[in-house]
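Below you'll find the structure, written out as structure tokens, and then a few comments.
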Amino acid sequence: MKNYRPILLQNLAIAVPGVRVRQLRLNQHTPEAVWTVHSHDHGQLLIYLTGRGRQTAEEKTYDCRPGTIIHHPPGVSHSFERELTRPPLVLVIDLDLEMVRATPHPCAQMPDADLNKVRTAVMRLFQIRQVEHRESVLAVGSIVLEILDRVLLAIGWIKPFNRYGDAKLMNTTRFVERVLERLDGPEVTLEAIAARSGYQVDHLNRRLKTECGLTLGQLRARHRLQRAQRLIQQGLPIQTVGERIGILDNNYFSRWFRQQTGMSPSAWKKSPQRTVSF
963 MKNYRPILLQ
973 NLAIAVPGVR
983 VRQLRLNQHT
993 PEAVWTVHSH
1003 DHGQLLIYLT
1013 GRGRQTAEEK
1023 TYDCRPGTII
1033 HHPPGVSHSF
1043 ERELTRPPLV
1053 LVIDLDLEMV
1063 RATPHPCAQM
1073 PDADLNKVRT
1083 AVMRLFQIRQ
1093 VEHRESVLAV
1103 GSIVLEILDR
1113 VLLAIGWIKP
1123 FNRYGDAKLM
1133 NTTRFVERVL
1143 ERLDGPEVTL
1153 EAIAARSGYQ
1163 VDHLNRRLKT
1173 ECGLTLGQLR
1183 ARHRLQRAQR
1193 LIQQGLPIQT
1203 VGERIGILDN
1213 NYFSRWFRQQ
1223 TGMSPSAWKK
1233 SPQRTVSF
């Protein structure tokens, strides 16, 4: 991001039902940055705005790139290592997150459109000269909540919902989900799925974002992961699982599955916490 400067907002005490934000900071890691294993008594969200790195939490490793979101619950030991490329710029939010509503994904990828919205929101924080003054508290709070809306939706704490009232009952979203059940082979493109739904991809993405906050690509990724987890639970070979969900390259499927869950398919199969949650 241009015109980078550090941001540190302490003692925010922004609270809405289920969420209390403690602190927000913008970190740009130095070339030699390697964090030792540590933990916190609060939850933490890390949003990669630029650059790449690798997060490790409870023996699970996550490769991070722009748009990656990492969620560390309280008490979870984790560490960080940057890759030998551009130093990552990471937005860190310390918060208390109610865990009874939904189980957040430990690692998620934000759509490009939402990443751009978060970057724009951070730039608006830059423009507030005295961010910790009382006169700025409402402006700062509204921007932080705007960022959280995108982030918590991406990790699954906020479930997709119709943001424009009950008159529209997510008809397009449900129709697309039914299409994905029948039409998601390796040769099927997003354009083909959109055409079967009666739209072009851009138009369909706008409708889906209005209804549920997700793009067609995100819906398909979640649908594929859910199917993959169920097939693995049924004991199918890993290569067969990839083929069944439309990913023929076994190595690519393993990398994709690790990016979604933080574990390889074989490690996830052996894990005692084999839940399918969406």
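To convert, count from 1 in the sequence shown and add 962; that's the numbering used here.
All C-beta atoms in this analysis are idealised placements derived from N, C-alpha and C, irrespective of residue type, glycine included.
No experiment lies behind these values; they were computed from the predicted model shown.
Burial state of residue i (16 or more Cβ within 10 Å)
i	result
Gln1196	exposed
Tyr1214	exposed
Ala1156	buried
Leu970	exposed
Tyr1126	Residue placement at Tyr1126 is flagged as unreliable, the pLDDT there being 45, under the threshold of 50; the coordinate-derived value follows with that caveat. Counting Cβ neighbours within 10 Å, Tyr1126 comes out exposed, since fewer than 16 surround it.
Gly1015	buried
Leu1100	exposed
Ser1228	exposed
Val1113	buried
Asn1133	exposed
Leu1210	exposed
Ala1129	For Ala1129, the predicted structure reports a pLDDT of 41, less than 50, and the residue's modelled location is therefore unreliable. A value from the coordinates is still provided. Counting Cβ neighbours within 10 Å, Ala1129 comes out exposed, since fewer than 16 surround it.
Arg1220	buried
Residue i - containing alpha helix (DSSP H), residue span
i	result
Ala1101	Val1099 to Ile1117
Leu1152	Leu1152 to Arg1158
Arg1206	Ile1200 to Arg1206
Ser1001	Premise fails: Ser1001 is in no alpha helix (DSSP H) and is neither H nor E.
Pro1227	Pro1227 to Lys1232
Per-residue DSSP class, three states only, for residue i
i	result
Ala1129	Model confidence at Ala1129 stands at a pLDDT of 41, short of 50, so the residue's coordinates are unreliable; what they give is reported in the following sentence. Coil, per DSSP.
Gly1175	coil
Val1084	helix
Lys1216	It should be noted that the sequence gives Ser, not Lys, for residue 1216. In this structure, Ser1216 counts as helix in the three-state DSSP scheme.
Val1141	helix
Leu971	strand
His1165	helix
Leu1170	helix
Arg1091	coil
Gln1188	helix
Gln953	The structure shown has nothing for residue 953, since the chain only spans 963 to 1240.
Asp1211	coil
N-terminal and C-terminal residue of the beta strand (DSSP E) that residue i is part of
i	result
Tyr1024	Lys1022 to Cys1026
Counterpart residues of residue i in DSSP-defined beta bridges
i	result
Tyr1010	Val1052
Val981	Val978 and Leu1059
Asn989	Val1052
Thr1030	Gln1071
Contact under 8 Å by Cβ, residue i with residue j
i	j	result
Ile1055	Val983	yes
Pro1035	Tyr1010	no
Ala1070	Glu1108	no
Gln1017	Ile1032	yes
Leu1087	Val1102	yes
Thr998	Leu1051	no
Leu986	Val1106	yes
Gly1224	Tyr1024	yes
Heavy atom of the ligand MG within 7 Å of residue i beta-carbon
i	result
Asn973	What this structure holds is no ligand at all, so the ligand MG is not there to describe.
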